[in-house]
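Chemist: Counting in numbering that gives the first Met the number 0, the sequence shown runs from 0 upward without gaps. Glycine included, each C-beta is placed from N, C-alpha and C at the ideal position. On a predicted model such as this, the values are computed, not experimentally measured, just so you know.
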Amino acid sequence: MLDQDNRYYLALRLAQALRERHGEELLLCGLYGSAMRGTDTPWSGLDLFCVVSDLCPLETKSFLYRGIHVGVEVKRQDGLELLLDYPTLDWPRVMGILSVLSPLAGDGDLVTHWLELGESAPPERFRKLLGVNLPDLVFESYGRLRSSIERREPDDLLSVIYRFLGEMNLVLCLLNRRWLTRDGFGALAEVAGFPLLPAGYAVSAPGLWRARSLDAACSLADRLFAAYLALLTEQGLLPRDYADLAELDELF
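(1) Measure the alpha-carbon distance for residue 204 versus residue 227 and round it to whole angstroms.
(2) What's the C-alpha gap between residue 200 and residue 125?
(3) How is residue 55 classed by DSSP in three states: helix, strand or coil?
(4) Does the pairing of the stretch 101-111 with the stretch 24-44 give three or more beta-carbon distances under 8 Å?
(5) Could you give the uninterrupted runs of the alpha helix (DSSP H) lying entirely in the stretch 123-167, keeping only those of 4 residues or more?
(6) Which ranges would you report for the beta strand (DSSP E) in the stretch 68-109 if only whole runs of at least 3 residues count?
(7) Run through DSSP, which three-state label would residue 241 get?
(8) Can you give the Cα-Cα distance for residue 258 and residue 20, rounded to whole angstroms?
(9) Under 8 Å, do residue 110 and residue 129 count as touching if we go by C-beta distance?
(10) Under 8 Å: do the stretch 132-140 and the stretch 183-197 share three or more Cβ pairs, one atom per stretch?
(11) With DSSP as the reference, please indicate the residues paired to residue 227 in a beta bridge.
(12) Within the continuous beta strand (DSSP E) that includes residue 30, where are the two ends?
(13) How about residue 34 and residue 7: are their beta carbons less than 8 Å apart?
(14) Buried or exposed, going by whether 16 or more other CB atoms sit within 10 Å of the CB of residue 202?
(15) Compare the beta carbon distance of residue 208 and residue 187 with 8 Å and say whether it is the shorter of the two.
(16) Whose CA, out of 150, 153 and 86, lies closest to the CA of residue 120?
(17) Kindly indicate the opening and closing residues of the beta strand (DSSP E) around residue 63.
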């Protein structure tokens, strides 16, 4: 375990060591997460985010230090800039990291450049990304949630609720071209501030997160999922739902 001062010292020491070893090939190393916010506890991990030149040998790695998890994520400049300009499902997570990153080594001004690059990605690229990935998001997790309720399996309830809401939040980030700086329950309040949302999200999503009974979860999940489908329909993004076996031939 580490206190706040020693955790920050560890982050600074690692950033300086990486800069000394890799020189100008390390474009940036920064701190994010609870240690950056000052909300870390003795059990909190340490998260560093590095951007390197394309030929730098540094790779993403994690390790334990005095019982805490330390993660060093490494992105190569070309790959990062491609992701920001041509979004993938990882776009909201990376933009969220960049938006709160506290530089410890390298050129901190690059963060502004990368955020501007991500913000300027054309809307049609997000719609194309959603068009390809929407069938894999929310629909299956909603089915798992309703199946748990149908089987009267309360022990599985929380895990499927969290997955359902997490996938919906990912879709809403991409639809709104926004990102999150928190995870867990805190993410729901951030999403609730987006302009494009399922009707009643600000009430239904936190209510579902807190639901501990199968019947309450069923009502809230159904309401939120119906509003989600209505939003996708309104945005012209509702995936096709095949009803005839013959129609499937065109897929393959």
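Modeler: Judging by the given coordinates:
(1) Locating residue 204 in the sequence shown gives position 205, counting from the first residue. Locating residue 227 in the sequence shown gives position 228, counting from the first residue. Cα-Cα distance, rounded: 11 Å.
(2) Here the question's residue 200 lines up with position 201 in the sequence shown. Here the question's residue 125 lines up with position 126 in the sequence shown. Rounded to the nearest whole angstrom, the CA to CA distance from residue 200 to residue 125 is 21 Å.
(3) Taking the sequence shown and counting its residues from 1, the one referred to as residue 55 is at position 56. Under the three-state reduction of DSSP, residue 55 is assigned to coil, being neither helix nor strand.
(4) Yes, the stretch 101-111 touches the stretch 24-44.
(5) You should have 138-149.
(6) Segments of the beta strand (DSSP E) lying fully in the stretch 68-109: 101-105.
(7) Here residue 241 refers to the residue found at position 242 of the sequence shown. In the three-state reduction of the DSSP assignment, residue 241 falls in the coil class, being assigned neither a helical nor a strand state.
(8) No answer is possible for residue 258: the residues shown for the chain start at 0 and end at 251.
(9) Along the sequence shown, one-based indexing puts residue 110 at 111. Along the sequence shown, one-based indexing puts residue 129 at 130. 8 Å or more divides the Cβ of residue 110 from the Cβ of residue 129.
(10) Because the criterion of three Cβ pairs below 8 Å is not met, the stretch 132-140 and the stretch 183-197 do not touch.
(11) Your numbering for residue 227 matches position 228 in the sequence shown. None; residue 227 has no bridge partner.
(12) In the sequence shown, residue 30 corresponds to position 31, counting from 1. That run of the beta strand (DSSP E) goes 25-31.
(13) For the purposes of this step, residue 34 is identified with residue 35 of the sequence shown, where counting begins at 1. For the purposes of this step, residue 7 is identified with residue 8 of the sequence shown, where counting begins at 1. Cβ atoms of residue 34 and residue 7: closer than 8 Å.
(14) Taking the first residue of the sequence shown as position 1, residue 202 is located at position 203. Classification of residue 202: exposed, given that the 10 Å Cβ count is below 16.
(15) Position 209 of the sequence shown, counted from the start, is the residue given in the question as residue 208. Position 188 of the sequence shown, counted from the start, is the residue given in the question as residue 187. Taking a C-beta distance under 8 Å as the contact criterion, residue 208 and residue 187 qualify as a contact pair.
(16) Here residue 120 is taken as the residue at index 121 of the sequence shown, counted from 1. Residue 86 is the option with its Cα nearest to residue 120.
(17) Counting from one through the sequence shown, the residue named residue 63 turns up at place 64. Per DSSP, residue 63 belongs to the beta strand (DSSP E) from 60-64.
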